[in-house]
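FYI, the numbering for the sequence shown is 1384 to 1646, going by the working numbering. Cβ atoms here follow ideal geometry from the backbone N, Cα and C, with glycine treated the same way.
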Amino acid sequence: MASNSKRLIGKVSVITASSDGIGFAIAKRFLQEGSKVVISSRKQQNVDSAVEKLHQVAEENQLPASNVMGMVCHVGKQDHRENLIEQTVNKFGGLDILVSNAAVSPTFGNIFDVDEKAFDKILDTNVQSGFLLCKQAIPHLKKSGNGSILFVSSIGAYMPMPGIGAYCVSKTALLGLTKTMAAELAQFNIRVNCLAPGLIKTKFSDPLLDNSDVRDQYLNVIPMRRVGDPDEMGGPAVFLCSDDASYVTGETLVAAGGINSRL
Ligand code: NAP
């Protein structure tokens, strides 16, 4: 899934929750496309090992290792969010692309068994933290003159998935946030789009895929009859954040092996 194109040359991109899984795959593809990338997650050791892997990718693509920066950022913490944007601008001189990818799903079961604390955590991490990070980034995206924001939602935004109803509600909220922010930010030439992955093989989906009944239930609704690979999210993310999508804003691209997606 490597790319020979260089659609993000000269860009500076911040990707949250990117030491593993879909966020890492997006960061890797952005790097290959020429962007300087800032990756982050909660744990320093995960960030360090992801940076090391990206240095290898840079070397394979004859890019400088200095195109990669890693730092700790728990998206739920205001000082971490501020630091992420500040350090990025200090190192790379600006910011062009923000990918808001972090999410949690701390419960599994009937939505009516989700207590207030868990519901708050889901909405706080999956929706509000991304929104607040965008507010932090917007002054710099305005300066960029060609800024782009990408929210990572889920196919669960369109259909309630068994066991993770509250998470799905938070992902539906991101579709609305994308539309609202896109309308507000168009005047600054900042585009806001959203990617809705289907079932992708990561640590996040392991608990679902480990249970063969649940796994079969999911596979039955995927016309392509397979789960996706995180690397398959890189291309759609690059498209939405690059000039290839210069007249696309407020939209959600579903990359879910053909699962029906309609609200
Ligand atoms: P993953 O493989 O479990 O990766 C999670 C990443 O997020 C790790 O780098 C983790 O590192 C970091 N992280 C977790 N909580 C964080 C927080 N509060 N702040 C900052 N970083 C945090 O997950 P994934 O499957 O790639 O999911 C990424 C996104 O795709 C999520 O928004 C998810 O909802 C969405 N998605 C996933 C699937 C799927 O099937 N996998 C399907 C649809 C949508 P640390 O532990 O170091 O923080």
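Check, Outcome
"Who are V1648's beta bridge partners in DSSP?", "Because the chain here runs from 1384 to 1646, residue 1648 falls outside it and cannot be looked at."
"Excluding the five sequence neighbours on either side, which residues of its own chain have a C-beta within less than 8 Å of the C-beta of Q1427, listed in chain order?", "V1455"
"By how many angstroms is the C-alpha of V1420 removed from the C-alpha of C1624?", "13 Å"
"Are the segment 1508 to 1524 and the segment 1490 to 1500 in contact at 8 Å, needing three or more beta carbon pairs?", "no"
"Is the segment 1552 to 1572 touching the segment 1595 to 1604 in the sense that three or more CB pairs, one from each, lie closer than 8 Å?", "no"
"Under 8 Å, do F1413 and P1613 count as touching if we go by C-beta distance?", "no"
"With a threshold of 7 Å (Cβ to nearest heavy atom), would D1403 be considered close to ligand 1?", "yes"
"Closest to C1577 by CA distance: which of S1432, S1483, D1626 is it?", "S1483"
"According to DSSP, is N1576 part of a helix, a strand, or is it coil?", "strand"
"Please say whether I1583 and G1641 have beta carbons closer to each other than 8 Å?", "no"
"Determine the closest residue to L1560 out of Y1541, V1510, E1465, L1437, with distance taken between C-alpha atoms.", "V1510"
"What separation, rounded to the nearest whole angstrom, lies between the Cα atoms of L1602 and V1497?", "26 Å"
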